[in-house]
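Asks: Dropping a structure here in structure tokens format, bear with me for questions.
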Amino acid sequence: MYMPSPAHRRLLMILLVAGLGGFSGLLAWAAHAPHQADLLRFFAIVWLLVFGAARILVHLDEALDQFGEGATQHWSRLRGRGEP
0 MYMPSPAHRR LLMILLVAGL GGFSGLLAWA AHAPHQADLL RFFAIVWLLV FGAARILVHL
60 DEALDQFGEG ATQHWSRLRG RGEP
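Heads up: the sequence shown is residues 0 to 83, going by numbering that gives the first Met the number 0.
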């Protein structure tokens, strides 16, 4: 089962809180500023997409780290340098 490292978990939580907090804050601001509501809603969607993409990149970084360690051991075994 995939379990991110403690550093990655903290980063994921920070991104989650900042992403959702900023998104809801911009939507609340849009509700109180009707003359700028469309622009603020647009920024809220962009904000959510950027922080969502950042979370995906953190997951990919952790997955590639785990894959890289396994791949290195696999290639070492294939070349006869590693332990079986």
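For every residue, glycine included, the Cβ atom is placed at its ideal position computed from N, Cα and C. Computed from a predicted structure; not experimentally measured.
(1) Taking the C-alpha atoms as reference points, what is the distance between H7 and A32?
(2) What does a CB cutoff of less than 7 Å around A53 pick up in its chain, not counting 5 residues either side in sequence?
(3) Please report the Cβ distance between A36 and F22, rounded to the nearest whole angstrom; I am assuming they are in contact, meaning their Cβ atoms lie under 8 Å.
(4) Please classify G24: is it buried, with 16 or more other beta-carbons within 10 angstroms of its beta-carbon, or exposed?
(5) Compute the Euclidean distance between the alpha carbons of P3 and V16, then round it to the nearest angstrom.
(6) May I ask which residues mark the beginning and end of the alpha helix (DSSP H) holding M12?
(7) Do you know how far the Cα of F50 is from the Cα of L26?
Replies: Inspection of the coordinates gives the following:
(1) Taking the sequence shown and counting its residues from 1, one reaches residue 7 at position 8. Taking the sequence shown and counting its residues from 1, one reaches residue 32 at position 33. If you take the alpha carbons of H7 and A32, they lie about 37 Å apart.
(2) Here residue 53 refers to the residue found at position 54 of the sequence shown. Counting only Cβ-Cβ distances below 7 Å, and skipping sequence neighbours, we find L14.
(3) The sequence position of residue 36 within the sequence shown is 37, counting from 1. The sequence position of residue 22 within the sequence shown is 23, counting from 1. A36 to F22, Cβ: 15 Å. No contact.
(4) By one-based count along the sequence shown, residue 24 stands at place 25. Burial call: exposed.
(5) On the sequence shown, position 4 is the one that residue 3 refers to. On the sequence shown, position 17 is the one that residue 16 refers to. Roughly 17 Å separates the two Cα atoms.
(6) The residue given as residue 12 occupies position 13 in the sequence shown. Run containing M12: P5 to H31, per the alpha helix (DSSP H) assignment.
(7) As a working note, residue 26 is residue 27 in the sequence shown. As a working note, residue 50 is residue 51 in the sequence shown. Within the model, the alpha-carbon separation for L26 versus F50 is close to 16 Å.
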